[in-house]
Each structure stands twice: as structure tokens, then as C-alpha cells.
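Working notes, structure below.
There are 2 protein chains.
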Amino acid sequence: MTRPATIVDVARVAGVSRQTVTRAMHDMAGISPATRDRVLAAARELNYHPSRFGRGLVKPAARTLGLLVGDLTNPYYAELASTVLRLAGERGWNVVMAEPGSVADLTGGADAVIGFTGLALDPPATGAPNLPVVEIDPPRVQPGHGRVEFERATATRDAVRHLLSRGVRRPVVLDRAGTSARGRAFAEAFRAEGVEPVPADRELGWPDLAGAAPDALVAFNDLDGFRLLRDLASAGVAVPGEVKVVGVDGLAVGEFVTPRLSTLAIDLTEVAGAALDLVVELSQGRSEAAVRVVAHRFVARDST
Amino acid sequence: MTRPATIVDVARVAGVSRQTVTRAMHDMAGISPATRDRVLAAARELNYHPSRFGRGLVKPAARTLGLLVGDLTNPYYAELASTVLRLAGERGWNVVMAEPGSVADLTGGADAVIGFTGLALDPPATGAPNLPVVEIDPPRVQPGHGRVEFERATATRDAVRHLLSRGVRRPVVLDRAGTSARGRAFAEAFRAEGVEPVPADRELGWPDLAGAAPDALVAFNDLDGFRLLRDLASAGVAVPGEVKVVGVDGLAVGEFVTPRLSTLAIDLTEVAGAALDLVVELSQGRSEAAVRVVAHRFVARDST
DNA sequence: CTGAAAGCGCTTACAG
DNA sequence: CTGAAAGCGCTTACAG
Chain E
1 MTRPATIVDV
11 ARVAGVSRQT
21 VTRAMHDMAG
31 ISPATRDRVL
41 AAARELNYHP
51 SRFGRGLVKP
61 AARTLGLLVG
71 DLTNPYYAEL
81 ASTVLRLAGE
91 RGWNVVMAEP
101 GSVADLTGGA
111 DAVIGFTGLA
121 LDPPATGAPN
131 LPVVEIDPPR
141 VQPGHGRVEF
151 ERATATRDAV
161 RHLLSRGVRR
171 PVVLDRAGTS
181 ARGRAFAEAF
191 RAEGVEPVPA
201 DRELGWPDLA
211 GAAPDALVAF
221 NDLDGFRLLR
231 DLASAGVAVP
241 GEVKVVGVDG
251 LAVGEFVTPR
261 LSTLAIDLTE
271 VAGAALDLVV
281 ELSQGRSEAA
291 VRVVAHRFVA
301 RDST
Chain V
1 MTRPATIVDV
11 ARVAGVSRQT
21 VTRAMHDMAG
31 ISPATRDRVL
41 AAARELNYHP
51 SRFGRGLVKP
61 AARTLGLLVG
71 DLTNPYYAEL
81 ASTVLRLAGE
91 RGWNVVMAEP
101 GSVADLTGGA
111 DAVIGFTGLA
121 LDPPATGAPN
131 LPVVEIDPPR
141 VQPGHGRVEF
151 ERATATRDAV
161 RHLLSRGVRR
171 PVVLDRAGTS
181 ARGRAFAEAF
191 RAEGVEPVPA
201 DRELGWPDLA
211 GAAPDALVAF
221 NDLDGFRLLR
231 DLASAGVAVP
241 GEVKVVGVDG
251 LAVGEFVTPR
261 LSTLAIDLTE
271 VAGAALDLVV
281 ELSQGRSEAA
291 VRVVAHRFVA
301 RDST
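Residue numbers (full-length UniProt numbering), protein chains in the order written: chain E, 1 to 304; chain V, 1 to 304.
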């Protein structure tokens, strides 16, 4: 593979000047049809594609937002991404996306970054020279970064009281060894009501958890909740009769599983909007340590 | 808002040359700590962010792939996007995404484009000067564009025979007035087996469709299938006992609805890989009208 | 209708 | 450790 063709290559082959090539490529006025055809033919022959960089340097271009999300296969991230795409599009921004696993060089391709940076701490994908960064639900405070924080205490308390009012006495909270904010929030909320929850590993399924004899399962997220629901159904355990199940995320598909999954929902449009607002503030240097808070709410459906 | 700061602004404020600024920004060797600090302070004060374009012009940058998908809220598009992100990342490409609704200027931000261009025909988002384009499941042939075509005849025939073998005699095929390739494929397959399907509008739900007294519903896609399943359950109609339901897309979540949805699945990893291969060929000018074919397969689950 | 000149913001050798 | 010069690929006035 040789060096890609540039505008001067095309100009040479077509026997014209550089700006005549520009005129032909962008279908501008002031060029004879014959010349245009000759230029276009040369461009095709050389497989010429104008460089985004040369062009961007001289024409005002759309700003580009880097979006760092988890696996899009999880509707939670997909829905957030969808909202960000829409909102960013309305503001005239382009969006480059990366999942933590992919090695895309966000720093070179974006003017600012938002996302779940907690997902990709090892290679600091956001450690660009002075790039504005807004973290969503970050595990810790990063100086200079904007933050969209989640308020979950209220909704968690609502969920816990709801469960207790329905007779729950032996809840199991599934988590990664109590490391997540959601897991800790649930544990504290149960204790505040005088009930000691049973901790369990997030990965566990139904036959595994039966030993704990729980009357409620707090899943790590909705997707895990779906899995538990399916496993419980296979095992012939009645939900919510024998065991109640609650998820976290508020996925729309939760309406389609059986029984419909109760969950802690968050308004992702609000989250996306807040993140976008903050990133604009930061890129204009208007804000030092910008923070927005978005609250979860408990949505009681049929699984509790 | 004034003009954004450039490297010369920082150099002037810090009282150094441009390349000393570069050295400081990128933490390069050959600069005294004191100078670096002074430069960094000036950069922060001016809210300086190096221009991607200036940089891209002079350093080899990652190529950028434009990805045009439908609403990411549909897991079908989300899963494809996820795969493309991973595959593109492995090849060192960045990915800019746009949903048809968003007005992001893909042409200025990408070196090549793949996606469901059929979704955004009105404003030819891909009509860039000579950009390589690969269309997935395109409604019509566009000269010069690569294509990943779907082969659905075989899987559709399998699905139809499966339905007939289970006693189906009055199938309803939901479509947008018979305009979709999937809808036509099902209608033809039923006719080939001697059964005339009842056409219906894609938007219709269960109470609406009851009048046709169907014993099978072919949903436009899995998401529609989920909705029908839910409506049928509410109405107390037994699936698959009284009515069988089949979707199209092969969503993984189909495993979690009740009953598990039978569907026409396609391997999205294969689709993404083919699209990426083609786009690389095209951007290297190696291929004139490149085409790959990926086949659906029928996945019988519990709803039929 | 066509072209010579200047400049966009950055980095890479090369001098000092 | 620091800077003057050249150049990356393109477009925008300005001449002709």
C-alpha cells in the first residue's frame, strides 16, 4: 500500500491546479463540465479521498464528542448511547464511540469525552492532553473532570420499604463482593429498616441461591434480573409469590419479561443531557469542577 | 465566545516557542520542569486544547469509520454496533456513529461509511465526495457502493414448513404494506407451500388482529414479536397453543421472554466482519462492486 | 473559467 | 534545554 493520493496528485494527473480539484470535488460553480469530468476521473483513478484533516484545518468542522460506554449489548448502555447520539446531533456534534474493550484512540479523535470512565481505568483512555472529560456515575472523584452523579439512596429506601411491606424478611443482595455503590446502598437501606441482608456473588443463579432460602433477590442489574426470573421459572419457583425479584437500571424491555420486573430506574435522557451540558461548559472553560446529580426512582411492577 | 486558543497563543503567554509547547503538552523529553509547568499553566489559563486537525495532518492518525444504524434502542442495531465497535477497534479504526435522525455530519468526520443506508435516503448522508460506502441489507443497488446482502429465502422456507407442520393454516404476515424484503419472502414461501397468508399492517396489535382468526403471526421483527406476545398473554390467548408467533432478527433477549420467541436469526458478527472487510477493500480501491451474502437461519424456540 | 499565493494548527527534523 | 524553518493537505480570497 502506497501513500494515499492527495489533492496535488489529482491536480497533476488531471493537468489542473489544486483549487480546480477542490471545485470539482465539491461541485462548486466556476468550472467547465469538461474540466470537472476530467478531474473526477483522475480522482477515481487515483482513489482519492480528501483528507479530513486538511479540510478541518481550514473549514469550521463539527466538534466531536467521544462516548465511552459499556457493552452496547446491555440495553442500558444502548439506550444512553442512543440518547447521547440524538442530543449531540441536535447540537451539531459528531460522536465517536468506544467500548472499554476496543482500543480506539478516543483521545486523538475527540474534542471532549463523556462516559462511564470507571469502566476503563487501566489504560486511561481519557488522559488526553487537557481534554474536557465528564464522568457518569464515577467510582471516585477525578480532579478537573465533570461528574454526573447518581442519587440512589431515596429510591433504594423506597424499594426496600416496598419489599418489607410485602413480607420480605430474608433478602439476598447480589453484588461483586459489596464493591458497587448500588450494592452498598441496598445493604444500608435494609439495615436502616432493621433487616440484615444476605450478601451473595453477582454471578450466582437460582439453584445456587436456593440454599440461602431467600424471599427476595436484589439483582445487580436488570439483565441479571431477567436471568434470575428465567431460572426461577425453570425451577418452578413462584415470583413474586415465593421469591420477589428487583433489578436496577429501569430497562424498557423489563416490561416484556414475565413477570414484569420491578426495578430502580433512572432517566437516561436526563443523564445524557446533564453530561452534554457539562462537557460544553468544560470545553468553554466555564466551569472548574462541574457536578450534576440525577436521581433513581423505584418502579414497582409485577415481580415484587 | 472568542476564537479557541491555538498553540501560538500558549507559546506567547508562556514566553516560549511553539515546539516547546508541544513538548510540554505531550510530556516529551528535552524540556526543563520549570518551563513545562509554565507552559501547562498557560495552556490551562487559555483553556487550550490541541486541534485534532493540525495534529492529524502531520501525525498518522487512526482512520475513522462512520457507522449508520437505526435506533440503538432496538437490540438488533445495538448488537451490530457493538460488534462493529469491537472489530473496528481491533483494526485500529475509530468509529463515529449516527442514527438516521441525528444530523451528525458523517461525511466530514469519517473516512468511510457502513450501515443501513436504506434508513436515511432522504438526506444522502453518505453522498460524500467519493467516500467508500458499504450498505447493509440495502433496498436497492447503488453503483459504486459495497453491499452486504441478506439471504432469507432458505430460513424463511424452513420457518414456514415448521409452522405448517404444526398445523398452521391461517398465518398473518405483518408488514408495511408488503414493502419489506422479509414480508415478501414470507408471503412467497407460504404460497410456495400452497397457503395464502393474510397480510396485515405492522403496527397492529392483538385485539386488532383477532378478527382475522389467525393461528400464526409473523411479526415484522423480534421487538414487535415481544409486544404481540405480551398482548396475547393479556388477552388470555395461549401461545403456541392457539396462536404461534415468530419474529425476525434473532435477538438474544428473545430467550428471556415468555414463551421464548422463535425467530429468523442472522449472525451479526458475520455481518459486521463482512462489512468491515468490504470497506477496507473499497478504501484501498481494490474492489469495484463488492458484495457479500450472509444467510439467516430459523431458530425454533417455544413460541411456535 | 482557471491558477498563484497565503494560511489554517500542528509536529518533525535540524541547529544551536 | 530551546527555537527557526519546513511541511502536512486542504480552502479561501484574490487576480487574471
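We treat Cβ as the ideally placed atom computed from N, Cα and C, and that holds for glycine.
As the structure is a computational prediction, the values presented were derived from the model and not from experiment.
In the displayed model, leucine 204 of chain E falls within coil according to three-state DSSP, outside both helix and strand. Using a 10 angstroms sphere on the CB of lysine 244 of chain E, the tally of other CB atoms reaches 16 or more, which defines it as buried.
Below the 7 angstroms Cβ cutoff, chain E contributes Ser82 as neighbours of aspartate 71 of chain V, in chain order. Setting aside the 5 residues that flank it on each side, alanine 216 of chain V is surrounded in the same chain by Leu163, Val168, Arg170, Pro171, Val172, Val243, Lys244, Val245, Val246 and Thr304, each with a C-beta closer than 8 angstroms to its C-beta; the list follows chain order. For leucine 174 of chain E, not one C-beta of chain V is nearer than 8 angstroms to its own C-beta. Scanning E:Ser234, E:Asp224 and E:Pro240 for the CA closest to the CA of proline 214 of chain E turns up E:Pro240. The C-alpha of leucine 85 of chain V is placed about 38 angstroms away from the C-alpha of alanine 11 of chain V. Residue range 171-175 is occupied by the beta strand (DSSP E) that includes aspartate 175 of chain V. By the rule that beta-carbons nearer than 8 angstroms mark a contact, glycine 56 of chain V touches chain E. Under the DSSP definition of a beta bridge, threonine 258 of chain V lacks any partner.
Against chain E, the beta carbon of phenylalanine 150 of chain V has no neighbour under 7 angstroms; the closest one sits roughly 21 angstroms away. Taking the beta carbon of threonine 258 of chain V as reference, the chain E residues within 8 angstroms of it are Ala233, Val257 and Thr258, listed in sequence order. Here valine 141 of chain E is exposed, its C-beta having fewer than 16 other C-beta atoms within 10 Å.
Restricted to the region 224-287 of chain V, the alpha helix (DSSP H) segments that are unbroken, complete and at least 4 residues in length are 268-283, listed in chain order.
At a cut-off of 8 angstroms between C-beta atoms, alanine 14 of chain V does not count as an interface residue with respect to chain E. When the Cα atoms are used, tyrosine 77 of chain E and aspartate 71 of chain E turn out to be separated by approximately 7 angstroms.
Using a Cβ-Cβ distance cut-off of 8 angstroms, the region 220-240 of chain V and the region 195-204 of chain E are not in contact, since fewer than three pairs of beta carbons, one from each stretch, lie closer than that value. A buried status is given to arginine 152 of chain V, since no fewer than 16 other beta-carbon atoms sit within 10 Å of its beta-carbon. DSSP places valine 294 of chain E inside the beta strand (DSSP E), whose first and last residues are 291-299. Contact note: proline 139 of chain V does not reach chain E at a C-beta cutoff of 7 angstroms; the least C-beta distance is about 23 angstroms. Residue environment analysis places methionine 25 of chain V among the buried positions, since at least 16 neighbouring C-beta atoms fall within 10 angstroms of its C-beta. Ranked by Cα distance from alanine 272 of chain E, the first of E:Ser32, E:Ser51, E:Ala62 and E:Leu87 is E:Leu87. In this chain, the beta strand (DSSP E) harbouring phenylalanine 150 of chain E covers 146-151. Here the alpha carbon of alanine 274 of chain V sits roughly 20 angstroms from the alpha carbon of glutamate 99 of chain E. Using a Cβ-Cβ cut-off of 8 angstroms, valine 280 of chain V does not count as an interface residue toward chain E, since no Cβ of chain E sits closer than that to its own.
Not a single C-beta of chain E is nearer than 8 angstroms to the C-beta of histidine 145 of chain V.
Residue range 216-218 is occupied by the beta strand (DSSP E) that includes leucine 217 of chain E.
Using a CB distance cut-off of 8 angstroms, histidine 49 of chain V counts as an interface residue toward chain E. At a cut-off of 8 angstroms between beta-carbon atoms, alanine 187 of chain E makes no contact with chain V. Between the alpha carbons of arginine 55 of chain V and histidine 49 of chain V lies a gap of roughly 11 angstroms. The continuous beta strand (DSSP E) containing isoleucine 136 of chain E extends over residues 133-136. In chain order, Leu72 and Thr73 make up the part of chain E whose C-beta sits under 8 angstroms from the C-beta of glutamate 79 of chain V. In terms of Cβ geometry, phenylalanine 220 of chain E and arginine 202 of chain E form a close pair [threshold 8 angstroms].
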